[in-house]
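Note that the protein sequences, when read in sequence, are chains P and Z. Residue 25 is where the first sequence starts when you use this note's numbering, and the numbers rise one by one after that. Residue 2 is where the second sequence starts when you use this note's numbering, and the numbers rise one by one after that. A virtual CB, placed ideally from N, CA and C, is assigned to each residue, including glycine. Since the structure is predicted, the reported quantities are computational estimates derived from the model, not experimental observations.
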Amino acid sequence: MNSLAFATISQLQDAINRKEVTVPEVVAYFSKRCAKYQDLGALLELFDAESIMKASNGHGALYGVPGVIKDNICQKGRITSCASKILANYHAPYDATATARLKEQGALLLGRANCDEFAMGSSGETSAYFKTKNPWDTSRVPGGSSSGSIAAVAAGLAQWSLGSETGGSVRQPAAFCNLVGLKPTYGLISRYGLIAYASSLDQIGIATRTVYDNALVLSAIAGHDRHDSSSLKVQPKDYTASLNFKLKDGLCIGVVENALHAEGMDSEVVAAIEDGIKILEQLGAKIKRIKLPAMDYSAAVYFIVSRAEAASNLARFDGVRYGMRAKDAQTLSEMYFKTRHDGFGPEVKSRIMVGNYVLSVGHADAYYNNAKMVQQLMRKEFVEAFAHVDLMLMPTHPAPAFKFGAFGDNPLQMDLQDYFTCAANLTGVPALNIPCGFSSNNLPIGFQFVGPDLSEDLLFQTAFAFEQTTQLFTKRPHGYDD
Amino acid sequence: MAKISREEVLKIAQMSHIELKEHEIDPLVKQLDAVLSYAACVQEIAAQVEIASNKAVNVWREDQVIPTDPEPILAQAPEVQEHYFVVPRILESNQ
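In structure tokens, the structure reads:
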């Protein structure tokens, strides 16, 4: 049984099919691990075995495979709090479409993964409950906002997890923790049941230890959903079909030079990425060095657009219909102000205010309207780039996982952690973090492939060939054995 | 770009329906100022952009009345009376 913790989905399912282990035993085993490594702070809640078994009603592609779901994605009947006090007692009255599809495939939903409050953060430090630690070095952050989702999979507490992406919140922590992290094309995975932060950017993302596993989970949840009017009219398909251990014939990859050599890049990260580029060349890829000037503005555009939409989306949390309500308010107005002061953490409040500022009379033109123009310029640059290359390659993060409190005095530096990842969210294209090395102090390093709309199979195919060459998924953090 | 002032922060907090305690104001002014100063760089590049505005396409469907049980929704509310959400009074007592 002790080989299951870091088993791939296929290995686990083989064990179930050969009757070496039953599904209730899988639940018991992983529940025990989640409880044993509770100190990691990956889960806000571990569900009881009986309700886990009851919720999983199917017998499909993910039968018997345990995973965790970020606390901003609805699981019917479970608390869904977005790691916030303002929703501490909110029970989701319905399943998110992604949740429902996983249940139909027989996946085991073990619990709620911790995250930054309302998915606003890059470290996991803003959870209103407790912070999540990086299994590779528990004095460091796992990244965020999908901190718990990533830490759980990295520590062998689950085979897969769902997180969410608005500016990089699955890819950045995946890079910090040696995982494969997917941000799909905008609209590929339904947002129904994903509590909104920035509606034009949000997507559910997937974290796994291997590319094949990631493709398998995507196959289970992608595709049109009539409940989400922003979901693409795309049929579900098998994303594992393209994984053939090779690169596409004549694959051309554009390395984004102004990203790779941006100011502040850690030299070990750059070296690891350049080594990865050499491996891709050996596998037969043609490498072009390209520049995307608009990328230099992506963080600024992201700050403005995401916070503007957040201010609008979070206006609904007011203590009237659900969630926390401040006590002893004499008037409705007092109730609103106190509830939102007490219920939201400082980062959430700050972002709401920036959002309202950039939308307000006298500032909207300078900030919001300009940001939307630049966003379109970015989209145009990306589309033009893909006329000359099949995929782009760029860093996911400037440096390996940082220590807790590293940006205490400098919240702008924390925000800039999104610098490389947010461009894909702003332009709607898919992107995949793939491990590419380790630092001299044994911290994971990743880079990302970015593709044109709906190129997930090419992303997976390329990453799979790369992964099978580096075998980095076989490395494990110390201290998570049975 | 002008730095954000204390008065503007108070005005924005009012607009956001978020109470601010006295000790929270100055740190917030600093933080917002840093982010907004950085974000102001979009003005430089936006001046060069000549792209027609992108009209998003709405996805429409007919209204469908689907009988739904209100119970799970009402059960979440802090205070309820029949099918109403109960809140503190709207007007000040001297109005």
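Query raised in the report: Can you tell me whether P260/P is buried or exposed, with buried defined as 16 or more other CB within 10 angstroms of its CB?
Result: exposed
Query raised in the report: Should G470/P be labelled buried (16 or more other beta-carbon atoms within 10 Å of its own) or exposed?
Result: buried
Query raised in the report: So, H24/Z versus R364/P, is the Cβ gap smaller than 8 Å?
Result: no
Requested in this report: Under 8 Å by Cβ, that's how I've got M289/P and P422/P pegged, so tell me the actual separation to the nearest angstrom.
Outcome: About 5 Å separates the two Cβ atoms, so the contact holds.
Query raised in the report: Given that S253/P touches chain Z, what residues does it touch there, using C-beta distances under 9 Å?
Result: N59, V60, W61 and R62
Query raised in the report: S322/P lies in the alpha helix (DSSP H); which residues open and close that run?
Result: S322 to N337
Report task. Give a yes or no on contact between the segment 305-317 of chain P and the segment 268-282 of chain P, applying the rule of three or more CB pairs nearer than 8 Å. Result -> yes
Query raised in the report: Do three or more CB pairs link the segment 432-450 of chain P to the segment 190-204 of chain P at distances below 8 Å?
Result: yes
Requested in this report: Report yes if the CB atom of G97/P is closer than 8 Å to the CB atom of F341/P, and no otherwise.
Outcome: Going by the sequence as given, residue 97/P is Ile instead of Gly. Cβ atoms of I97/P and F341/P: not closer than 8 Å.
Query raised in the report: For a contact meaning CB atoms closer than 7 Å, what does Q32/Z contact in chain P?
Result: Q32/Z reaches chain P at S374 and P435, counting residues in chain order whose Cβ is nearer than 7 Å.
**Report entry** Minimum Cβ-Cβ distance from M25/P to chain Z less than 8 Å
**Finding:** Note on M25/P: pLDDT 46, under 50, position unreliable in the model; the coordinate value appears next. No, M25/P lies away from the interface with chain Z (no Cβ there is under 8 Å from its Cβ).
Query raised in the report: If you drop the 5 nearest sequence neighbours on each side, which residues of the same chain put their C-beta closer than 7 Å to that of M359/P?
Result: For M359/P, where only same-chain residues beyond five positions count, the Cβ hits under 7 Å are G343, R349, A350 and A353.
Query raised in the report: Taking one C-beta from the segment 324-342 of chain P and one from the segment 369-388 of chain P each time, how about it: are there three or more such pairs within less than 8 Å?
Result: Contact between the segment 324-342 of chain P and the segment 369-388 of chain P is present, because at least three Cβ pairs lie under 8 Å.
Query raised in the report: Under three-state DSSP, which class holds M144/P?
Result: coil
Requested in this report: With a floor of 3 residues, list each beta strand (DSSP E) that falls wholly inside the segment 80-146 of chain P, ordered by position along the chain.
Outcome: 90-94 and 132-137
Query raised in the report: K312/P lies in the beta strand (DSSP E); which residues open and close that run?
Result: K310 to I314
Query raised in the report: Of all the CB atoms in chain P, is at least one closer than 8 Å to the CB of L11/Z?
Result: no
Requested in this report: Grab the span of the beta strand (DSSP E) containing A455/P for me, first residue to last.
Outcome: A455 to F462
Report task. Just list the beta strand (DSSP E) runs in the segment 358-437 of chain P, keeping only unbroken ones of 3 residues or longer that don't cross its boundaries, in chain order. Result -> 415-419
Query raised in the report: What number of angstroms, rounded off, separates the C-alpha of L36/P from the C-alpha of P89/Z?
Result: Roughly 54 Å between the two C-alpha positions.
Query raised in the report: Can you tell me whether I5/Z is buried or exposed, with buried defined as 16 or more other CB within 10 angstroms of its CB?
Result: buried
Report task. Report the neighbours of V66/Z on chain P: residues whose CB is nearer than 9 Å to its CB, in chain order. Result -> Neighbours of V66/Z on chain P: none; closest Cβ ~16 Å, over 9 Å.
Query raised in the report: So, are the CB atoms of K224/P and D252/P less than 8 Å apart?
Result: Lys is not the amino acid found at residue 224/P; the sequence shown has Ser there. Contact: no.
Report task. Counting only the same chain and skipping the five closest in sequence on each side, list residues whose C-beta sits under 6 Å from that of S254/P. Result -> Excluding sequence neighbours, S254/P sits near G211.
Requested in this report: Keeping to the same chain, check which residues put their C-beta closer than 7 Å to that of A120/P; ignore five residues upstream and five downstream.
Outcome: I97, C98, Y216, G217 and L218
Query - Run of the beta strand (DSSP E) containing F473/P, from where it starts to where it stops - result: Its beta strand (DSSP E) spans residues P468 to V474.
Query raised in the report: Taking Cβ-Cβ distances shorter than 8 Å, what residues in chain P pair up with H84/Z?
Result: Neighbours of H84/Z on chain P: none; closest Cβ ~12 Å, over 8 Å.
Requested in this report: Give the range of the alpha helix (DSSP H) segment to which G300/P is assigned.
Outcome: S291 to Q306
Query raised in the report: Name the DSSP bridge partner or partners of A246/P?
Result: Its beta-bridge partners are I213/P.
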